[in-house]
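Student: Last residue of the sequence shown: 401 in the UniProt record's numbering, with the numbers rising by one and none dropped.
The C-beta atom is built at its ideal place from N, Cα and C for all residues, glycine as well.
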Amino acid sequence: MKINTIVLKVASRCNLNCSYCYVYNKGDETYKNKPKIFSKELTKILFNRILEYMNKYNINLYTIVFHGGEPLLAGLQYYKFFVETYEDIFSVTNKTINFVMQTNGTLLDEEFTQGLFELDISIGVSMDTTEATNSKYRVYHNNKSSYNEIKNGIDLCNKIVGNSGILSVINVQDSPNDTYLHLKSLKVNYANLLLPDENYNTITLNDTRGKIGQWLIEMFDLWFFDQDTNKPEISLFSDLILLILSLPHGNDIMGKGFGGTMIIETNGDIETNDTLRVCKPGITKSNFNIINDSLDTINDIPLAKLYYYAHHHLPKMCEECVLENICAGGYLINRYSDENGFNNESIYCEDIAKLICHVQNIIAKETYDDLGLKSINVKDVIEDIRNNKKTKYENKYLESF
Ligand code: SF4
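#1: Locate the beta strand (DSSP E) running through Ile166, then write down its first and last residues.
#2: Output the boundary residues of the beta strand (DSSP E) element that contains Met262.
#3: Specify the secondary structure class of Val7 as computed by DSSP and reduced to three states.
#4: Could you check if Ile64 belongs to the surroundings of the ligand SF4, using beta carbon to heavy atom distance under 6 Å?
#5: Just checking Gly210 against the ligand SF4 - is the residue's beta carbon closer than 6 Å to any of the ligand's heavy atoms?
#6: Whole alpha helix (DSSP H) runs in the region 76–114 with 4 or more residues, listed along the chain?
#7: With burial defined as no fewer than 16 other Cβ atoms inside 10 Å of the residue's Cβ, what is the status of Asn334: buried or exposed?
#8: Start and end of the beta strand (DSSP E) containing Thr63?
#9: Who are the Cβ neighbours of Ala364 in its own chain at under 7 Å, not counting the five residues just before and after it?
#10: Within the same chain, show all residues whose beta-carbon is closer than 6 Å to that of His249, passing over the 5 residues directly before and after it, in chain order.
#11: Which residues bound the alpha helix (DSSP H) around Ile217?
#12: Using 6 Å as the cut-off, classify the Cβ of Glu198 as near or not near the heavy atoms of the ligand SF4, replying yes or no.
#13: Is the beta carbon of Gln114 less than 7 Å from the beta carbon of His67?
#14: Could you give the uninterrupted runs of the beta strand (DSSP E) lying entirely in the region 291–340, keeping only those of 3 residues or more?
#15: Could you tell me which of Lys44, Ile166, Ile347 sits nearest to Asn192, measuring between CA atoms?
#16: Looking at the structure shown, is Ser246 part of a helix, part of a strand, or coil, going by DSSP?
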């Protein structure tokens, strides 16, 4: 494994209490035993650990994503200290670290936004698909909507940084049209759409299978055929187009890439992608910590290995699927069940399949066979998938989690 991104839990608490949050509201309560803020002592240790790791694996470019909880709770002074410490340790090397922050945006004011901009920390804001949905789910601890503050944070990014990006979990209660219009009204440059963190155990409570595929198809059409040259880049769709064109690409949801991310908790614990906690409380817990252990110990965490190779260690059904190279089993979280571990196709298997077929057929038509891209019959693909599903294959490794 070669990890080139750390998601750093700068703060273990959050000023919001979003009902779907995997950190606080999906059964895992490990955050309660963690320090509230990643300390300055640990910051120095972390940079030395990263440098040690980059030297060992001959990596010149690394990324740190500030995450939480809510990373802005650490305060601007902390980020100034963080970047100064980085410069002290890395200025004598030929290695570089990019800094990115994923925030709920509510605490962004002129000073904080300007400060992050000057520190060269890129800002991504998380919000819901429309104002009404955001006001319903993305709320403060007193249930008050956070919409106005988030919108203000995005406006400040546009004004001070000159661009903005958002991350939203797909919500089929909002029509694709309302979602797209909302996206454009925010004037964001980038948007990332995430599948809900559901698995076979949880999907019964909020079963959106069948709806998500159609939602994504309509959303894709709105975006793809929009002639506005300032339309936002939606990475889920642009990545999919690249995959269909056989250009090597991948993200957590699709493609044959690798899960090159690890988590460092506010107490210095080394873990794999913490969204996997929604599968089973404590599933990502490890015995490694940056105080005593090198980042290399990520290799000794079985779940971290599975996450890294998630699109390569597949259930037999996915291996036999005609879309295997593009979908590659889907998002790992969506494959979990208590019964079979990760030896399942994605709960959104047919939704993803319909989207891939739809996009491939549009791209094939648009490129007039110039690229030799063939149309595919979605009915045949779904029938194949359903036939494959009839046989359950054992896979001891994937079932062991
Ligand atoms: S079977 Fe479903 S989840 Fe697996 S690769 Fe095919 S479309 Fe994706």
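Tutor: Checking against the coordinates, here is how it stands:
#1: Going by DSSP, Ile166 is part of the beta strand (DSSP E) stretching over 165–169.
#2: For Met262, the enclosing beta strand (DSSP E) has its first and last residue at 261–264.
#3: Strand, per DSSP.
#4: Not one heavy atom of the ligand SF4 is found less than 6 Å from the C-beta of Ile64.
#5: The beta carbon of Gly210 sits no closer than 6 Å to any heavy atom of the ligand SF4.
#6: Assignment of alpha helix (DSSP H) within the region 76–114, counting only whole runs of 4 or more residues, yields 76–90 in chain order.
#7: Under this definition Asn334 is a buried residue.
#8: Looking at the DSSP string, the run of the beta strand (DSSP E) that includes Thr63 is 61–67.
#9: The residues Leu373, Lys374, Ser375, in chain order, have a CB closer than 7 Å to that of Ala364 in the same chain once the five nearest residues on each side in sequence are set aside.
#10: Answer for His249: Asp239, Leu242, Leu243, Gly255, listed in chain order.
#11: Start and end: 211–224.
#12: False, no ligand heavy atom lies under 6 Å from that Cβ.
#13: Result no, Cβ atoms of Gln114 and His67 do not sit closer than 7 Å.
#14: List check, beta strand (DSSP E) in window: nothing returned.
#15: The shortest C-alpha separation from Asn192 is found at Ile166.
#16: In the displayed model, Ser246 falls within coil according to three-state DSSP, outside both helix and strand.
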